[in-house]
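The listed protein sequences derive, respectively, from chains D and R. Using the numbering used here, the first residue of the first sequence is number 87, and each one after it goes up by one. Using the numbering used here, the first residue of the second sequence is number 31, and each one after it goes up by one.
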Amino acid sequence: MHSRLVKPGFSFDYLMWLFTRLSGVMMLLLASVGFIGALALGARLQMDLPTLVRWTFFPNPNHVVNSEIPDVNLGWANGFWIMMELLIIFFAVTHAWNGLRVILEDYVGSSGLRTLLRCVIFVLWLASLVMASYLIFTSWVS
Amino acid sequence: MGRKKRMRAVDGLKYQGGGPMIAWILHRLTAIGILLFVGLHVTASFFSMETGGEWTSWINDIYMSPWFQVLVAFCVIFHAFNGLRIILLDFFPAFLRFQREAIWVEWAVVIPLFSLTAFLIIQSATSGV
């Protein structure tokens, strides 16, 4: 296996290539923090597997409200977890829509169609971020 | 791309890529699976919260099924560990010499972790908690 020596330029594709990897690492780290946090909180609150998974991937009190937790706001609702949620949402949403763009562009030949595709995915990316942030901020008002 | 002959999907299946090709295909399929799962989940909860509509409940019915949860668990666990393998090999190209071994190591981590998760999902589903 020989690797070519290519000088990387800061093109859009190179930046997204780098972002995909860094956001992948970030999501693994954030999920680990969520997982450990859920275990620590769950030790007090008799938590089940679905709650553990819900809190690992999206640490929002509203997200575990369907589980049999006596008081969701006890230790679950604070600013630290808002930051965690916003970071997870940003990395996951951007990673996901960019990944779909990469997959689709493997099968799209013409550059006109590619521009249209990028515009559509940009709109969907922005809409996902707005929708998810709205869910985060409205569920913390209580 | 100066490709002479147009490739069809059947030609892709005949390509004997082995472990790396299986990992690549599974990475894409699980990516699309997670995007569909999370996308529908967020959209459904957004509209059920904001409009109070019952028309989104069919999505929750699918998501409550333990078999669907086992499928999602596979998608997430495989995508996470295959992604980690890709990141490690991309950032430390010296390890590309061992890229086939890396895939075996990856499966050695993914299979036990997935089996444990699937066991716990099925167990909690059948014990009726």
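C-beta atoms are modelled at their ideal positions from N, C-alpha and C, and glycine is treated no differently.
Checklist line | 8 angstroms Cβ shell around D:V194 - same chain, five flanking residues per side excluded | finding: Counting from one through the first sequence, the residue named residue 194 of chain D turns up at place 108. Hits under 8 angstroms: R200, L203.
Item checked: Test: D:L115 CB closer than 8 angstroms to a CB of chain R -> Here residue 115 of chain D refers to the residue found at position 29 of the first sequence. With 8 angstroms as the cut-off, D:L115 does not count as an interface residue toward chain R.
Next item on the list: Using a cut-off of 8 angstroms between C-beta atoms, extract the partners of D:V221 located in chain R.
Entry: As a working note, residue 221 of chain D is residue 135 in the first sequence. Residue 221 of chain D is actually Leu in this sequence, not Val. In chain order: V72, S75, F76, M79.
Next item on the list: Report yes or no: is there a C-beta of chain D within less than 8 angstroms of the C-beta of R:A138?
Entry: Translated into positions along the second sequence, residue 138 of chain R becomes position 108. Not one chain D Cβ lies under 8 angstroms of R:A138.
Notebook entry, point to check: What is the rounded straight-line gap between the Cα of D:F121 and the Cα of D:V139?
Noted result: The residue given as residue 121 of chain D occupies position 35 in the first sequence. The residue given as residue 139 of chain D occupies position 53 in the first sequence. So the alpha carbons of these two residues sit roughly 8 angstroms apart.
Item checked: Member of R:M37, R:F76, R:G69 whose CA lies at the smallest distance from the CA of D:W183 -> Position 97 of the first sequence, counting from 1, holds the residue named residue 183 of chain D. Looking at the Cα atoms, R:G69 is the closest of the given residues.
Next item on the list: Give a yes or no on whether 8 angstroms exceeds the smallest Cβ distance from D:L91 to chain R.
Entry: Here residue 91 of chain D refers to the residue found at position 5 when the first sequence is read from its first residue. Not one chain R Cβ lies under 8 angstroms of D:L91.
Checklist line | Listed by chain order, chain R residues near D:I189 by CB distance under 8 angstroms | finding: Against the first sequence, residue 189 of chain D aligns to sequence position 103. Under the 8 angstroms cutoff, chain R gives R58, A61, I62.
Notebook entry, point to check: In three-state terms, what does DSSP make of D:L116?
Noted result: Counting from 1 along the first sequence, the entry for residue 116 of chain D is found at position 30. Reduced to three states, the DSSP call for D:L116 is helix.
Check: What's the call for R:M31, buried or exposed, on a 16-neighbour Cβ count within 10 Å?
Finding: Within the second sequence, numbered from 1, the residue matching residue 31 of chain R stands at position 1. Note on R:M31: pLDDT 49, under 50, position unreliable in the model; the coordinate value appears next. Under this definition R:M31 is an exposed residue.
Checklist line | Supposed contact pair R:A148 and R:A103 - C-beta distance, whole angstroms, cut 8 angstroms | finding: Start at 1 with the first residue of the second sequence, and residue 103 of chain R comes out as number 73. Start at 1 with the first residue of the second sequence, and residue 148 of chain R comes out as number 118. Indeed, because the Cβ distance is near 6 angstroms, the residues count as touching under 8 angstroms.
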